Structures are given as C-alpha cells and as structure tokens.
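S.K.: If you scroll down you'll find the structure; I have some questions about it.
Protein chains in written order, with this note's numbering: chain D, 1 to 178; chain Y, 179 to 356.
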C-alpha cells in the first residue's frame, strides 16, 4: 500500500506548511480552494448558514485530506471555511499538481480513496435523514475515535446536527449503559 | 471525452439487462451489491428506517451509475433497496470487472466522476444541515431537471427530507413567484 504522504512529498511543487491553532486556511467566497493533506493536528470545514449558524461538514486529523471538492470540480467559489483546531502541519496541493504526480497505480489508489469517501458520505446522508441521534454519535465514534477528547463537544454536536444539550444527554445515556 | 457506456460495453463480461417498472434489483441485507449503469428509465435507492419510514438516497436516470458504494468498499451487506420507477435498461457490473477494464486514461475519468459525486454529496449534507427546504428543492431541480414530471411528488419529498405537504407548499410558492 503506497502512502499518500509519500506520493505528495515526491513532488517538489507541493507546499508543506505549518499553521497555529485558530488559523483560518480558507474563507467562504474564496476562489482559491486547495486540497489539504493533514500531517499533524486537526482541521475542520464548516459553513455559516443564512441565520448565522455554523454547521460542521467534516473534521480532518492525521492522514486525512480536507478541502472543497464541489468548488474544485464545478469551478465555483467555496462556501466552506477551513480552520485549525490545533497547531497543524499540512501539505497544500491542487488538482492539477495531483494529476501530474499520479501514475496509473496511484490513480487506482486515489479511486479507492474517493470511493471510500463516497461511502462515508452516503452513510452520513442516510443517517441525517433517518437515524436517531444516538446512532449518529455511535457512528461518529467509530470513524473518529480520537476526536471526543481533542475537539469541543459543541463542535461534535454541530457535526451531528444536534444541540449540545442533546449530545450531553446521549453521552450520559451511553455512560449509564456501560 | 470518453463515454462510460462505451467503456462498459467494450467488456464482454458486463451484463446488459432490462427490468420492468416496480422490479426490485437490490434488497436490503443482501451481500450482492452490483453497480448499475442506467441506459434508459429511472431507478432509485432508499432505506427503510427503524420506524418503517422510507428515505430516498438517490435517483438515477440515463447516464447515472447507482449502487451501494459503502457496502462495496467496506465489504458490508447493503442497507439500500434499489428499484425501478420506470421500465429500465441497465448494465450491471462489479468493481473487479471495472478495474480490469480501466486504462490509465479511463481511471482519470473515473476519478473525476467520483470527485463530482463527492461534490454533490457534500452539497447534499450541507443542505440537509443548514438550508431551507425551498433552497433544497431549487438545487434538486438544478441537478435533476427532468424528474419532477417523471417521479411521484411524495418520492421527491422523501429525497429532500420533507413532508409531501411542505413540498406542495414550496411548489405553490415557486409558481406564484413566476
């Protein structure tokens, strides 16, 4: 299995960068939408809706790639803010750079990464539509096991589409069951 | 631009099939999860939640590929039902067949298709979390312009995560504005 970080590092044009906790890498309305590979730290992407409320789209820790694929693929300005929840080390790259790096073998690997992302998003959509909040939290713990101790609870609630109070009740319920 | 249908047809092992309206191609709990390329007709995928309520994940008309990518990638049995809303002509294939067909060039094309699907799903998640129902319906019309006259309104409401009554109010509101 080839490591994505190694593939990116093999290309001299990608940029390794460090950012402090709280740094905003991408603002909504921007037309510059890099892909961001996470070497260290945690980032999140989120929108602010017409009522001023934040909704977290995803978290990204070591090994994840975060960005706005919709904006990239459809050549739109982005709706997503991306910021650092911890001090971060990342590699910034864009699609054109990636296409020049990728061999046939790499492309097959990226196909699998993209397919798996689709699988995760499929589950996210289906859970947002039809699953109780407690099941959504259980799935969150499955895919992001280390996040509950690194990320504020209110952000996890925002990701799940529930209130912080509901998340607190769920956590109490789970603790009681154990 | 290479046509996906041509790529699939070039391989003798993929199966062209026809199904009557109402035929269920995939049942939940099945471990056989084909990818289905649509040549003609409309299919939908949906789950039935623990309260017996249907939630439509996606519609697929000519040129779409429908299936359960989560089940395929993570080797799980499927949660999704897939059925035919019209008489359908489809090509059934699986991932292994696809990998043997794809050249480097084709793989890059599939990368783009997968990326675009992620972009659509990103928007779907963000809209489910933060957008008013009328905006969700407007986006539905943008990506599925021909569906409102081919698919029952209650299914469109299910896809949007709203009640048929709410969808009816939205359609009246849009008609008044014109």
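For glycine and all other residues, C-beta sits at the position ideal for the given N, C-alpha and C. All figures in this text were calculated on a predicted structure; none of them were measured in a lab.
Mind the definition here: the stretch 220-232 of chain Y touches the stretch 281-295 of chain Y only if three or more C-beta pairs lie below 8 Å; say whether that holds.
M.R.: no
S.K.: Determine the extent of the beta strand (DSSP E) in which residue 55 of chain D is found, giving its start and end residues.
M.R.: 54-60
S.K.: Mind checking if residue 73 of chain D is an interface residue toward chain Y, Cβ cutoff 8 Å exclusive?
M.R.: yes
S.K.: Rounded to whole angstroms, how far is the Cβ of residue 337 of chain Y from the Cβ of residue 260 of chain Y, which I believe are closer than 8 Å?
M.R.: The pair is not a contact, with the Cβ atoms about 14 Å apart (cut-off 8 Å).
S.K.: Following the continuous beta strand (DSSP E) through residue 259 of chain Y, name the residue where it begins and the one where it ends.
M.R.: 259-262
S.K.: Return no unless some Cβ of chain D is closer than 8 Å to the Cβ of residue 335 of chain Y.
M.R.: no
S.K.: Less than 8 Å between CB atoms is the rule here; does residue 348 of chain Y satisfy it with respect to chain D?
M.R.: Contact with chain D is absent for residue 348 of chain Y, since none of that chain's Cβ atoms lies less than 8 Å from the residue's Cβ.
S.K.: In chain order, what residues of the same chain lie with their CB nearer than 6 Å to the CB of residue 203 of chain Y, ignoring the 5 residues before and after it?
M.R.: Within the same chain, residue 203 of chain Y has close Cβ partners 260.
S.K.: Compare the Cα-Cα distances from residue 327 of chain Y to each of Y:308, Y:355 and Y:264 and report the closest residue.
M.R.: Y:264
S.K.: In the DSSP assignment, what are the bridge partners of residue 213 of chain Y?
M.R.: Y:271
S.K.: Output yes if chain Y places a C-beta closer than 8 Å to the C-beta of residue 63 of chain D; else output no.
M.R.: no
S.K.: Leaving out five residues before and five after residue 15 of chain D in sequence, what residues of the same chain have Cβ atoms less than 6 Å from its Cβ?
M.R.: 92
S.K.: Any residues in the stretch 262-275 of chain Y with a beta carbon nearer than 9 Å to a beta carbon of chain D? Which ones, in chain order?
M.R.: 273
S.K.: Kindly give me the distance between the Cβ atoms of residue 191 of chain D and residue 297 of chain Y, rounded to whole angstroms, as I take these residues to be in contact under 8 Å.
M.R.: Nothing about residue 191 of chain D can be reported from this structure: the residues present for chain D run from 1 to 178 only.
S.K.: Taking the alpha-carbon positions, what's the residue 62 of chain D to residue 309 of chain Y distance?
M.R.: The alpha-carbon atoms of residue 62 of chain D and residue 309 of chain Y are separated by roughly 30 Å.
S.K.: Buried or exposed: residue 35 of chain D, going by 16 or more other Cβ atoms within 10 Å of its Cβ?
M.R.: buried
S.K.: Would residue 161 of chain D count as contacting chain Y if we go by Cβ distances under 8 Å?
M.R.: yes
S.K.: For the beta strand (DSSP E) that contains residue 15 of chain D, what are its first and last residues?
M.R.: 15-19
S.K.: Between D:60, D:170 and D:152, which has its C-alpha nearest residue 89 of chain D's C-alpha?
M.R.: D:60
S.K.: Please work out which residues of its chain come closer than 7 Å, Cβ to Cβ, to residue 4 of chain D, disregarding the five sequence neighbours upstream and downstream, and give them in chain order.
M.R.: Within the same chain, and ignoring the five residues on either side of residue 4 of chain D in sequence, the residues whose Cβ sits closer than 7 Å to its Cβ are 37.
S.K.: So which of Y:189, Y:262 and Y:249 has the shortest CA-CA distance to residue 197 of chain Y?
M.R.: Nearest to residue 197 of chain Y by alpha-carbon distance, out of Y:189, Y:262 and Y:249, is Y:262.
S.K.: How about residue 179 of chain D and residue 72 of chain D: are their beta carbons less than 8 Å apart?
M.R.: The structure shown does not extend to residue 179 of chain D, since chain D spans only 1 to 178, so no value can be given for it.
S.K.: Report yes or no: is there a C-beta of chain D within less than 8 Å of the C-beta of residue 231 of chain Y?
M.R.: yes
S.K.: Assign residue 317 of chain Y to one of three DSSP states: helix, strand, or coil.
M.R.: helix
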